[in-house]
Structures are given as structure tokens and as C-alpha cells.
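Chains as they are written, first to last, in our numbering: chain A, 1 to 213; chain B, 1001 to 1213.
Ideal Cβ placement from N, Cα and C applies to all residues, glycine included.
I have placed the structure first, in the form of C-alpha cells, so that the comments after it can refer back to it.
Protein chains: 2
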Amino acid sequence: MVVSAALQLLESGGGEALTMRRVADQIGVSASSLYGYVANKEELVQLVLDRIFEDLEVPSTGSWQETLREFGRALLAMYRRHPGVAALTLGRVAVTPAMLPLGERIISELRAAGMPDQVAAFVGDLGGLYIGAIAYEQDVTPLAGQEKEFVDQFTGWLKSLPADRFPNTVALADTAVAGSADDRFEWGMDVIIRGLATYLVVPPSPEGGWPTG
Amino acid sequence: MVVSAALQLLESGGGEALTMRRVADQIGVSASSLYGYVANKEELVQLVLDRIFEDLEVPSTGSWQETLREFGRALLAMYRRHPGVAALTLGRVAVTPAMLPLGERIISELRAAGMPDQVAAFVGDLGGLYIGAIAYEQDVTPLAGQEKEFVDQFTGWLKSLPADRFPNTVALADTAVAGSADDRFEWGMDVIIRGLATYLVVPPSPEGGWPTG
DNA sequence: GTCTACTACAGAACACTGTTCTCGTCAAGT
DNA sequence: ACTTGACGAGAACAGTGTTCTGTAGTAGAC
Chain A
1 MVVSAALQLL
11 ESGGGEALTM
21 RRVADQIGVS
31 ASSLYGYVAN
41 KEELVQLVLD
51 RIFEDLEVPS
61 TGSWQETLRE
71 FGRALLAMYR
81 RHPGVAALTL
91 GRVAVTPAML
101 PLGERIISEL
111 RAAGMPDQVA
121 AFVGDLGGLY
131 IGAIAYEQDV
141 TPLAGQEKEF
151 VDQFTGWLKS
161 LPADRFPNTV
171 ALADTAVAGS
181 ADDRFEWGMD
191 VIIRGLATYL
201 VVPPSPEGGW
211 PTG
Chain B
1001 MVVSAALQLL
1011 ESGGGEALTM
1021 RRVADQIGVS
1031 ASSLYGYVAN
1041 KEELVQLVLD
1051 RIFEDLEVPS
1061 TGSWQETLRE
1071 FGRALLAMYR
1081 RHPGVAALTL
1091 GRVAVTPAML
1101 PLGERIISEL
1111 RAAGMPDQVA
1121 AFVGDLGGLY
1131 IGAIAYEQDV
1141 TPLAGQEKEF
1151 VDQFTGWLKS
1161 LPADRFPNTV
1171 ALADTAVAGS
1181 ADDRFEWGMD
1191 VIIRGLATYL
1201 VVPPSPEGGW
1211 PTG
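Laid out in C-alpha cells, this is it:
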């Protein structure tokens, strides 16, 4: 009830809209009465996080690489559906009951593929941080119409730098902003997955390309 | 003047201490008068970020791997010296003038090592996100004395899960929380650096270990 | 039937936040 | 001497999370 109202507020207004008074209004109750349902805002946030991760599941693919990639995409898509949530997961020990089956499946798949235990245990931390940070960044980034103008202005600034002091920065100005946000996200996941692959006890064959799925 | 006061507040009280009224008090001025020095809090934050990145420099090492690693450590150490700053960089297009020489040096080193332009241009984004997210997490995490107790409690919770439904989670409970925060950070950088190495136009020789410096 | 205990809620209040508006003071320029 | 402009203080506004106090209504006990 209260978490549904909170989710609705997040969807329509982002993280700043998640206010005790607004949640109370949403369910037709005074702000002070909210504290009958919930101890404080922190508890409300935890409930929201748990609810949200209930909708996620780890896809069944052939390879652990593709599983990680697909799950990462689903996670990012979920963050995008609920703006403001990424900011809530960062800076919080965001391990809710709903996450347990997800972590279990991923660890299982990684171990089955021959990944050392230490790596399998840490990969959730690394991936969660990366995707959470990306989602947070895109949350707060200037949106829609302004974005292109902003990017152009930023590129222009980089290009206008003195080429003798910043030759590489100037040279790569266009490259740095090339590609969509999705492209950058996919590339980052690629780096991480390629890095993880080097920990396999059965090393991949170098010729024929790296196992990126 | 104002940024020095702001930095002092961050050092002693963390991110929540950075308040316009407190900054004003620190320099012996009323809150409203602060707006004579600074347009708004956002501008003050940008000034703080720029000041902070002035103290950083990219070390000169033999390999690009060691350079990335050393710079990453310096960045994390800087975040730790100034609690609350990591939260400011995340969710903000945190490219200040003081960062330009740093980015230039890193891009230069990567290109010289044979890294494709696209990778060299993106690596700052990926690394900055990862380190910023880690620093933010450690910022907000319960500190000092409580930490060990909290970790033990968390491990206990994981181990108490039904082993038939979460066999891998239970099995790796100890492994997941093993190692210090620094260990986890170093490992994450290792994954990223190993992943980046796979993009080199001159591929590293697989036998003899991966080039992790 | 009456009284009591308890629950759910509302309203006001407190200590904050960023920001703006208005006012006063004081030094420099003409 | 008078004006102008800068500088800063104080109050105020619209918010925030949270707590305290009071007030209905309702269930159960005698």
C-alpha cells in the first residue's frame, strides 16, 4: 500500500518526489500517520527496493557471459522504469530478500562455468556498483531535448582546448562522446565480462577471438 | 575562501555537513551573504570538486596497467580524505578544468600502449564510475567499530538461509565478505584492467600470465 | 449499558534545508 | 556634501523528516 504509492511517486516524479508528505497524500492520510505504517523513511526505502527487485529474474541463456549481459540489461531497464531508485541503492547495503534468488542463480552459473569461488562471490558487488552508478548518472543527467545541445557544447569545449597541452583530449573529443548511453553501457559490461573471463580455471583460447558471447 | 570552508566542513562532518548556513558560519558571514560569493550551492559544489582534483596527479610508472592502478588508488584515497565528495561527483557531469591534465595523461599513456581510441576515450568514464561508486559506498557504510559486528551479522544471515534453495549463497557466504574493502577495490580494478588488456591491438601472450603489472 | 483500553489518525510544532527579498551601513567617486 | 554602489545582515518562504499532543472511534470487560 505505502510502497505502491511510493513507487507511483518515483515513476512520475523521480527520486525527489519520494517524500513522506507526498506518500501520505497519495494514500489519503496525513504525514504523521505514515509513521504508523513505517518506522521512518529509511524503512520505506528498503521496502521499495525489495518490491522492485521482485520483478527481476535471471534469464536462462547458453553462456555465463550472455546471462550476465542479459541480466545487466534487465537491471538497467528496471532502474530506468523507476527513476530515483538507482540513487537509493547506491550508498546503502542494498541486499533485500528479493535479491537472494538472483544472486544465487548468477553465482551458480559462474561456478558451473569454472569460475573461482572468490570471483563468483565478488562479481555481484562489482556489477551492481557499475550498473547502479550508470543508472544514477543517467537519472540525473539533463534529459531529452537538452541532451544533444549539452553534448555538442561539451564537445565544443573539449575541442577548443589548446592542442599543444591537451593533444589527445582534443583528438578524441568526438570519439569520447560518440555512441549512445546504451553503447557506453554495453561496452562497460564487455570490459568487465572480458576481465572476468581471464579468471576462468580453463583459460579461453586466444585465437578465434575472446569469449564475449 | 568559501571553498576552503566547504572543504573543512566536508572533512569534519561529511557530505551532510555541507550546508550553506554552515559554510557561512565558518567564514563568519550570514547565509544570505554567501550568495554574493557564489551563485548557488551547485556552483559551490563545482568549485569544491575542481579544488579537490587539483591535488591529484597521474603517476609515472612503467606500464599503463600500473599507471591506472596507482591513479585509481590515489583517487580513492582522495575520496577518503574528503568524505562526502564521492556523492557529489556521482550524478553530476563532474568534468572540471583540473581534471583535464589527468585525463590527458591517461589517454596519452593508453594510446601509446596500443589501445584503440574508442577504448582510451571511454576508460575514464568506466573507471570514474567504478571508483566513485566504491568511494560513495564506503562513505555511507557504517563505520569503524560497528563494521565488524555488522559484517558478522550479515554473514550469519546468509549462512542461515535454507541450503536447499540457496546452496551457492550459503557456501560462499564467508568468501563473499572475505577481505578488506581495499582487497575488493583492488580486485575490481584488476577485472577492469584485465578486460581492457583484451582490447590491445597487440594481444598479450596468454602463457606466462596476464599482464596485470 | 457503561466504562475502559487501545488503535488510527490529524494537526501543530521543531529543527533543519536552499533561496530570495528587503533593509541598513559604509566607503568611494564626483 | 551628495550620490552611488557594494556588502552584508535579518526575516521570510516553501520545503524536508520527525515527534508530540489531542481526538475520534471501536472493541472488549464488567
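Please compile the residues from chain B whose C-beta is within a distance smaller than 8 Å of the C-beta of A:Leu172. Counting from 1 along the first sequence, the entry for residue 172 of chain A is found at position 172. The answer, in chain order, is Ile1107, Asp1117, Ala1120 and Ala1121.
In whole angstroms, what separates the C-alpha of B:Ala1144 from that of A:Gln153? Position 144 of the second sequence holds residue 1144 of chain B. Position 153 of the first sequence holds residue 153 of chain A. Note that B:Ala1144 scores 44 on pLDDT, short of 50, meaning its location in the model is unreliable and no value can be drawn from it.
Can you find the residues in the same chain that come closer than 8 Å, C-beta to C-beta, to A:Ala121, ignoring five residues on each side of it along the sequence? If you number the first sequence from 1, residue 121 of chain A lands on position 121. Correct list, in chain order: Ile107.
Nearest CA to the CA of A:Leu44: which residue from A:Ala133, A:Met1 and A:Gly156? Taking the first sequence and counting its residues from 1, the one referred to as residue 44 of chain A is at position 44. Of the candidates A:Ala133, A:Met1 and A:Gly156, the one whose C-alpha sits nearest the C-alpha of A:Leu44 is A:Met1.
Give the residues of chain B in contact with A:Asn168, contact being defined as C-beta atoms less than 8 Å apart. To locate residue 168 of chain A, count along the first sequence from 1; it is residue 168. Glu1104, Ile1107, Ser1108, Arg1111 and Ala1120, listed in chain order.
Please check if any C-beta of chain B sits within less than 8 Å of the C-beta of A:Glu137. Translated into positions along the first sequence, residue 137 of chain A becomes position 137. At least one chain B Cβ lies under 8 Å of A:Glu137.
May I ask you to report which of helix, strand or coil DSSP gives A:Ser63? Your numbering for residue 63 of chain A matches position 63 in the first sequence. In this structure, A:Ser63 counts as coil in the three-state DSSP scheme.
If we define contact as Cβ-Cβ less than 8 Å, is B:Trp1214 a contact residue for chain A? In this structure chain B extends from 1001 to 1213, so residue 1214 of chain B is not present and cannot be described.
What is the DSSP secondary structure of A:Val170, counted as helix, strand or coil? One-based indexing of the first sequence puts residue 170 of chain A at position 170. Residue state, collapsed to three classes: helix.
Under 8 Å between C-beta atoms, does A:Tyr130 make it to chain B? The residue given as residue 130 of chain A occupies position 130 in the first sequence. Judged by the 8 Å Cβ criterion, A:Tyr130 is in contact with chain B.
Check whether the Cβ of A:Val2 lies closer than 8 Å to any Cβ atom in chain B. For the purposes of this step, residue 2 of chain A is taken as residue 2 along the first sequence, with counting starting at 1. It does not; no Cβ of chain B falls within 8 Å.
Among A:Lys148, A:Thr169, A:Arg69 and A:Ala197, whose alpha-carbon lies nearest the alpha-carbon of A:Gly179? As a working note, residue 179 of chain A is residue 179 in the first sequence. Answer by Cα proximity: A:Lys148.
For A:Ala181, return the contacting residues in chain B, with the cut-off set at a CB-CB distance below 9 Å. For the purposes of this step, residue 181 of chain A is taken as the residue at position 181 of the first sequence. Residues of chain B passing the Cβ test: none, with the nearest at roughly 11 Å.
Could you name the residues of the same chain whose beta carbon sits closer than 7 Å to that of B:Arg1105, not counting the 5 residues immediately before and after it, in chain order? Here the question's residue 1105 of chain B lines up with position 105 in the second sequence. The residues are Val1058.
Pull up the CB-CB distance for B:Val1201 and B:Gly1114, whole angstroms please, since I reckon it's below 8 Å. On the second sequence, position 201 is the one that residue 1201 of chain B refers to. On the second sequence, position 114 is the one that residue 1114 of chain B refers to. 5 Å between Cβ atoms; contact.
Taking the alpha-carbon positions, what's the A:Thr19 to B:Ala1031 distance? Residue 19 of chain A sits at position 19 when you count from the first residue of the first sequence. Residue 1031 of chain B sits at position 31 when you count from the first residue of the second sequence. Cα to Cα, the separation comes out at about 26 Å.
So what does DSSP say about A:Thr175, is it helix, strand or coil? By one-based count along the first sequence, residue 175 of chain A stands at place 175. Helix.
Determine, for B:Leu1010, whether the minimum Cβ-Cβ distance to residues of chain A falls below 8 Å. Working through the second sequence from its first residue, we reach residue 1010 of chain B at position 10. So no, B:Leu1010 is outside the interface.
Using the C-alpha atoms, what's the distance from A:Val95 back to B:Asp1117? Within the second sequence, residue 1117 of chain B is the residue found at index 117, counting from 1. Within the first sequence, residue 95 of chain A is the residue found at index 95, counting from 1. Using only the alpha carbons, I get a separation of about 38 Å.
May I ask you to report which of helix, strand or coil DSSP gives A:Tyr136? Locating residue 136 of chain A in the first sequence gives position 136, where the first residue counts as 1. In the structure shown, A:Tyr136 sits in a helix (DSSP, three-state: H, G or I).
If the cut-off is 9 Å on Cβ atoms, which residues from the region 1061 to 1076 of chain B count as contacting chain A, listed in chain order? none
Roughly how many angstroms separate the alpha carbons of B:Thr1198 and B:Leu1126, rounded to a whole number? If you number the second sequence from 1, residue 1198 of chain B lands on position 198. If you number the second sequence from 1, residue 1126 of chain B lands on position 126. Roughly 16 Å between the two C-alpha positions.
For chain B, check one thing: does any of its Cβ atoms lie closer than 8 Å to the Cβ of A:Gly28? Mapped onto the first sequence, residue 28 of chain A falls at position 28. Not one chain B Cβ lies under 8 Å of A:Gly28.
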